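Chemist:
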Amino acid sequence: MGYSGARGGLEAILAAEDLVRRKRDHAPAPWASTEQITARFRLAVDRVMGEAGLYDEPTAAAAFRQAEGDTLEASHLLRAQRSTLPRLAVSEAVDPGEMTVLRRIVPAFREPDGPQLLGRTSDYTGRLLERPEGPPEPPTEESARTEVTEVTEVPERTEEQRSPRRFLDLLRKLDLVSEGRTGDDPEPHDITRKPARPPADRSAVLAAMARAESGALVALWYRSVLGPDGDVHEITLGELRHGRLPLRVRHPHTGNPVTVGEFRVTEAEAIEDLDGADEDRTRFDIGYGLCFGHNERKAIAMANLDIANRRFGRSGPLEQLLLLTVDGLDSGGFLEHLKLPHYVTFRSMVERKQAMRAAAEAGEDLPARAAEPTGKDCR
Amino acid sequence: MTHVWSRERRCALLAEAERAELIELADACIADGAEVRVLVAPEVGCVTAQVREPVLAQRFLLGDVLACRAEVEVAGHRGWAMRLGDDRAAVLAAAVLDAEVQSGRPRTADVDRLCERVARRRERQESQEWAELAPTVVEFEELT
Chain A
3 MGYSGARGGL
13 EAILAAEDLV
23 RRKRDHAPAP
33 WASTEQITAR
43 FRLAVDRVMG
53 EAGLYDEPTA
63 AAAFRQAEGD
73 TLEASHLLRA
83 QRSTLPRLAV
93 SEAVDPGEMT
103 VLRRIVPAFR
113 EPDGPQLLGR
123 TSDYTGRLLE
133 RPEGPPEPPT
143 EESARTEVTE
153 VTEVPERTEE
163 QRSPRRFLDL
173 LRKLDLVSEG
183 RTGDDPEPHD
193 ITRKPARPPA
203 DRSAVLAAMA
213 RAESGALVAL
223 WYRSVLGPDG
233 DVHEITLGEL
243 RHGRLPLRVR
253 HPHTGNPVTV
263 GEFRVTEAEA
273 IEDLDGADED
283 RTRFDIGYGL
293 CFGHNERKAI
303 AMANLDIANR
313 RFGRSGPLEQ
323 LLLLTVDGLD
333 SGGFLEHLKL
343 PHYVTFRSMV
353 ERKQAMRAAA
363 EAGEDLPARA
373 AEPTGKDCR
Chain B
85 MTHVWSRERR
95 CALLAEAERA
105 ELIELADACI
115 ADGAEVRVLV
125 APEVGCVTAQ
135 VREPVLAQRF
145 LLGDVLACRA
155 EVEVAGHRGW
165 AMRLGDDRAA
175 VLAAAVLDAE
185 VQSGRPRTAD
195 VDRLCERVAR
205 RRERQESQEW
215 AELAPTVVEF
225 EELT
């Protein structure tokens, strides 16, 4: 154990780890294969990939199994694995408008360009706990035949159905969006190489949110709605998508872009009513959210926090909160370290108390103590 | 008649091909004793996904995607491949197939036929996917 003023305990530590392995790997239950985990726990796998910042379903599934279903621990394992890998390339910048949608809804408007596609969701139905006695019956031959018939009856997918024009484009056409595009194209901040501290580029904040712990991001979003800061005013979701994006790199021999595969993402756009004295009150502004996998809560929270950060990030604590407090490995790691022996730390605290008491009993004046300022410098 | 693919499109299709079909064809390609040199051994790493978001048209780094790449030389011609995931054997085989085509060797047509199979399989999968999704297209009614 390499932490704090404590040593020894090696046999107990090894026995404890062995207990984890034996109970997990040899539990009296069928082995959970990687395929089973990716197929039956896809949202957990997606969450792990997003919070780790590494997209690979089998690797995330293995981490989820090793972590016994603890998504934060699984993200930790995955990010540690990522840190051992070389960077082969930075992809060509992909336009999310290229997404092949698997789900696309526009809650703000009934008739956007292209279809509203519910996709795989139970959002619109009541959910009650189901406790089946065993696995469901496989589809019957008759139902399978019906499915095949239905397949042949569906017309080929049009380009508009595959990658519908985004709602933002329609709002722009109606001249309802404040124009923030400057034509500048700064290099994006790489938070995996250089930690971001306020004031930071927007690219750093977006990257930090993309791999934030989902619950932390949702909690910060909710604080911004109901809490003391009030950074999120109008809560209108413009558009929400889940789908596949191409990953392209430069071919080393031809110099042309080549698609090496696809990855799934969730994308959200949040509409904010501009009402500030120095804002264009005749138009809206849009917040943007995008994360790995299918994780709608996270993408929606991110989109709302993006626009809130652009408006109020530096006049209040929001930018600092986004950059420094929503990473699950940061916060979870700091919290978990409290479980390690702190004998020396606490003994020194006890000794300070005893010294102060002895001084007080001896009639000495205790030194004046200045209150700590609210907020601290970021280092 | 086989389709004539651009090198980039062929690489993309080989990146989607199944492991077994890549390795089987690559083995057949080099069974004639052609000289094969591995220039870049199969390497697992990350490709950082860069996105240009649509609101301010700014780029940001979304995260990393696990990928594997290799480069070979077959009969004096270089072949390159990259695939998602960490399958070293599959990416090495794909690089051999790229080199086979670049060198114009006898299995070039077989490689293009494999690419056609992959493209057709992709079309079938997308049709199946759309058949499942299409019934979920919705038009909610507005209460007035």
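Protein chains in written order, with the numbering used here: chain A, 3 to 381; chain B, 85 to 228.
Backbone N, C-alpha and C define an ideal beta-carbon position, used for all residues, glycine too.
These numbers were taken from a predicted model, which means no experiment stands behind them.
1) With 8 Å as the threshold, decide whether the Cβ of G96(A) is near any Cβ in chain B.
2) A165(B) and L98(B) - do their beta-carbons sit closer together than 8 Å?
3) Could you give the DSSP three-state label for L342(A): helix, strand or coil?
4) In the DSSP assignment, what residue or residues form a beta bridge with A153(B)?
5) What residues in its chain sit with their C-beta under 7 Å from that of E100(B), if we drop five residues either side in the sequence?
6) If we cut at 8 Å on Cβ distances, does G169(B) have a partner in chain A?
7) Would W214(B) count as contacting chain A if we go by Cβ distances under 8 Å?
8) For G291(A) and T238(A), what's the separation of their Cα atoms in angstroms?
9) With a cut-off of 8 Å, does the C-beta of T151(A) fall near any C-beta of chain B?
10) Using a Cβ-Cβ cutoff of 7 Å, what residues of the region 129-157 of chain B are near chain A? List them in chain order.
11) Can you tell me where the beta strand (DSSP E) holding P259(A) begins and where it ends?
12) Runs of 4 residues minimum, wholly inside the region 58-118 of chain A: which ones carry the alpha helix (DSSP H) assignment?
13) Using the three-state DSSP reduction, which class does L368(A) fall into: helix, strand or coil?
14) For my contact list, L198(B) and E105(B) are in at a C-beta cut-off of 8 Å; report their separation, rounded to the angstrom.
15) Under 8 Å Cβ to Cβ from P369(A), same chain only, skipping five residues before and after it: list those, please.
16) Under the rule that 16 or more other beta-carbon atoms within 10 Å means buried, what is N258(A), buried or exposed?
17) Since S205(A) and R143(B) are thought to touch, with beta carbons under 8 Å apart, how far apart are those beta carbons, to the nearest angstrom?
18) Run through DSSP, which three-state label would G188(B) get?
19) Please report the Cβ distance between E184(B) and V195(B), rounded to the nearest whole angstrom; I am assuming they are in contact, meaning their Cβ atoms lie under 8 Å.
20) Among all the DSSP beta bridges, which residues are the ones paired with I288(A)?
21) Any beta carbon from chain B within less than 8 Å of D125(A)'s own beta carbon?
22) If you follow the alpha helix (DSSP H) that G52(A) is part of, which residue opens it and which one closes it?
23) Are the CB atoms of A266(A) and G240(A) nearer to each other than 8 Å?
24) Taking 8 Å as the threshold (beta carbon to beta carbon), is E92(B) in contact with chain A?
25) DSSP on T151(A), reduced to helix/strand/coil?
26) Taking only beta-carbon atoms, is V222(B) less than 8 Å away from chain A?
27) Would you kindly work out how many angstroms separate the C-alpha atoms of L145(B) and A133(B), rounded to a whole number?
28) Could you check how far apart the C-beta atoms of E269(A) and M101(A) are, in whole angstroms? I think they sit under 8 Å.
29) Does the beta-carbon distance from A193(B) to I107(B) come in below 8 Å?
30) Just reading off the alpha helix (DSSP H) that V227(A) is part of, what are its end residues?
31) Assign F348(A) to one of three DSSP states: helix, strand, or coil.
32) Verify whether the separation of the beta carbon atoms of D148(B) and Y57(A) is less than 8 Å.
33) In whole angstroms, what separates the C-alpha of S350(A) from that of R136(B)?
34) Let's test the definition: count the other Cβ atoms within 10 Å of the Cβ of K300(A) and tell me whether it reaches 16, buried, or not, exposed.
35) For V88(B) and chain A, any beta-carbon pair shorter than 8 Å?
36) Mapping DSSP to helix, strand and coil, what is V207(A)?
Modeler: Here's the rundown:
1) Correcting the residue identity first, residue 96(A) is Val in this sequence and not Gly. Yes, because at least one Cβ of chain B sits closer than 8 Å to the Cβ of V96(A).
2) The Cβ-Cβ distance between L98(B) and A165(B) falls below 8 Å.
3) In the structure shown, L342(A) adopts coil according to DSSP, grouped into three states.
4) Before going further, note that residue 153(B) is Arg rather than Ala in the sequence given. Per DSSP, E127(B) and M166(B).
5) The answer, listed in chain order, is V202 and R206.
6) Yes, its Cβ sits closer than 8 Å to a Cβ of chain A.
7) The Cβ of W214(B) sits closer than 8 Å to at least one Cβ of chain A.
8) Cα atoms of G291(A) and T238(A): separation of roughly 14 Å, rounded to the nearest angstrom.
9) Note that T151(A) scores a pLDDT of 48, beneath 50, so its modelled location is shaky; the value from the coordinates is reported in the next line. Judged by the 8 Å Cβ criterion, T151(A) is not in contact with chain B.
10) The residues in question are G129, C130, V131, T132, A133, Q134, V135, R136, E137, P138, V139, L140, A141, Q142, R143, F144, L145, L146, G147, D148, V149, L150, A151 and R153.
11) For P259(A), the enclosing beta strand (DSSP E) begins and ends at P259 to D275.
12) Listed in chain order, the complete alpha helix (DSSP H) runs (minimum 4 residues) inside the region 58-118 of chain A are 59-68 and 73-84.
13) DSSP places L368(A) in coil when its eight states are reduced to three.
14) Confirmed, about 6 Å.
15) Beyond the five residues adjoining it in sequence on each side, P369(A) comes within less than 8 Å, by CB distance, of no other residue in the same chain.
16) With fewer than 16 Cβ atoms within 10 Å of its Cβ, N258(A) is classed as exposed.
17) Contact holds; Cβ gap of about 6 Å.
18) If DSSP states are grouped into helix, strand and coil, G188(B) belongs with coil.
19) Contact annotation, E184(B) with V195(B): C-beta distance approximately 6 Å; criterion of less than 8 Å satisfied.
20) In DSSP, I288(A) forms a bridge with I273(A).
21) No, D125(A) lies away from the interface with chain B (no Cβ there is under 8 Å from its Cβ).
22) G52(A) -> alpha helix (DSSP H) spans R44 to A54.
23) Per the sequence shown, the amino acid found at residue 266(A) is Arg instead of Ala. Taking 8 Å as the Cβ cut-off, R266(A) and G240(A) do not qualify as a contacting pair.
24) E92(B) counts as touching chain A.
25) Here T151(A) scores only 48 on pLDDT, less than 50, and its place in the model should not be relied on; the value that follows carries that caveat. T151(A) carries a helical assignment under DSSP once its states are collapsed to helix, strand and coil.
26) At a cut-off of 8 Å between beta-carbon atoms, V222(B) makes contact with chain A.
27) Here the C-alpha atom of L145(B) lies approximately 6 Å from the C-alpha atom of A133(B).
28) Yes, they are in contact, since the Cβ atoms of E269(A) and M101(A) sit about 7 Å apart, within 8 Å.
29) Inclusion of A193(B) and I107(B) in the CB contact set at 8 Å is not warranted, their separation being larger than that value.
30) Boundaries of the alpha helix (DSSP H) harbouring V227(A): S216 to L228, taken from the DSSP string.
31) F348(A) carries a helical assignment under DSSP once its states are collapsed to helix, strand and coil.
32) Yes, the pair counts as a contact, with Cβ atoms nearer than the cut-off.
33) Inter-residue distance for S350(A) and R136(B) is about 52 Å (C-alpha atoms, whole angstroms).
34) Buried, because 16 or more other Cβ atoms sit within 10 Å of the Cβ of K300(A).
35) No - not a single Cβ of chain A is within 8 Å of the one on V88(B).
36) Secondary structure of V207(A) (DSSP, three-state): helix.
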